[in-house]
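A.B. asks: First, the structure itself, so that you have it in front of you.
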Amino acid sequence: MKVLVWLHVACMFIGFAGLVSNDLLLWAVSRERASTVTREVVRRVGAIGVLGRILVVVGIAIGLLLARPFGYAAFWLIATYVLVGLSIVLGAAAYEPLKKRFLDSTGDSTPRQRNFLISVVFVNSVLWVAVIWLMLAKP
Numbered sequence: 002m003k004v005l006v007w008l009h010v011a012c013m014f015i016g017f018a019g020l021v022s023n024d025l026l027l028w029a030v031s032r033e034r035a036s037t038v039t040r041e042v043v044r045r046v047g048a049i050g051v052l053g054r055i056l057v058v059v060g061i062a063i064g065l066l067l068a069r070p071f072g073y074a075a076f077w078l079i080a081t082y083v084l085v086g087l088s089i090v091l092g093a094a095a096y097e098p099l100k101k102r103f104l105d106s107t108g109d110s111t112p113r114q115r116n117f118l119i120s121v122v123f124v125n126s127v128l129w130v131a132v133i134w135l136m137l138a139k140p
């Protein structure tokens, strides 16, 4: 059981780090004016995001297995489901269109868009810190 706990923690930690680093790289490259550089960076960092997603999904699956004794309707689990869902929707809504635009066109972005993107990284980080707190405190 302890091995599963540590595997869950490792998958979630590394997966989240991969997602955040991918988003931060996309935000940073959105500041670049050279569209060829932007397209190349987006192509190359895509694997980081995919790895992050895979690890988060594996971590969630292990977490659900580990949460079985607590009951899936426990407050802290429901709150975690909501926060993780919000994080997924927010990240996908903000970054997937950006990646597509970078790969399909010039990839230029306005300062307002860049501020929005870094705000999404911040909000997602806060959501994941709240998830970690829920996992540890189990209120």
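Start counting at 1 in the sequence shown, then tack on 1, and there's your number in the numbering used here. For each residue, glycine too, the CB sits at the ideal point set by N, CA and C.
Could you say which of Val127, Val6 and Leu137 lies nearest to Val65 if we only look at CA atoms?
C.D. replies: The residue you call residue 65 lines up with position 64 of the sequence shown. Residue identity check: residue 65 is Leu in the sequence provided, not Val. Considering only alpha carbons, the answer is Val6.
A.B. asks: So, at 6 angstroms on beta carbons, what are the nonlocal neighbours of Val57 in its own chain, with the 5 sequence-adjacent residues on each side left out?
C.D. replies: Position 56 of the sequence shown, counted from the first residue, corresponds to residue 57. Correct list, in chain order: Gly16.
A.B. asks: Buried or exposed for Ala93, please, with buried defined as at least 16 other CB atoms from any protein chain shown within 10 angstroms of its CB.
C.D. replies: By one-based count along the sequence shown, residue 93 stands at place 92. Exposed, since its Cβ has fewer than 16 Cβ neighbours within 10 Å.
A.B. asks: When we look at the beta-carbon of Thr37 and count the other beta-carbons within 10 Å, is it buried (16 or more) or exposed?
C.D. replies: Locating residue 37 in the sequence shown gives position 36, counting from the first residue. Flag for Thr37 reads exposed.
A.B. asks: Going by Cα to Cα distance, which pick from Lys101, Gly72 and Tyr96 is closest to Lys139?
C.D. replies: Position 138 of the sequence shown holds residue 139. When each option's Cα is compared against that of Lys139, the closest is Gly72.
A.B. asks: Looking at Val42 and Leu20, is the spacing between their C-beta atoms short of 8 angstroms?
C.D. replies: By one-based count along the sequence shown, residue 20 stands at place 19. By one-based count along the sequence shown, residue 42 stands at place 41. No, Cβ-Cβ distance for Leu20 and Val42 is not below 8 angstroms.
A.B. asks: Taking 7 angstroms as the limit between beta carbons, can you name the residues of its chain near Ser88, skipping five residues before and five after?
C.D. replies: For the purposes of this step, residue 88 is taken as residue 87 along the sequence shown, with counting starting at 1. Same-chain partners within the cutoff: Asn125, Leu128 and Trp129.
A.B. asks: Is it the case that the Cβ atoms of Leu84 and Val122 are separated by a distance below 8 angstroms?
C.D. replies: Locating residue 84 in the sequence shown gives position 83, counting from the first residue. Locating residue 122 in the sequence shown gives position 121, counting from the first residue. Not a contact, by the Cβ cut-off of 8 angstroms.
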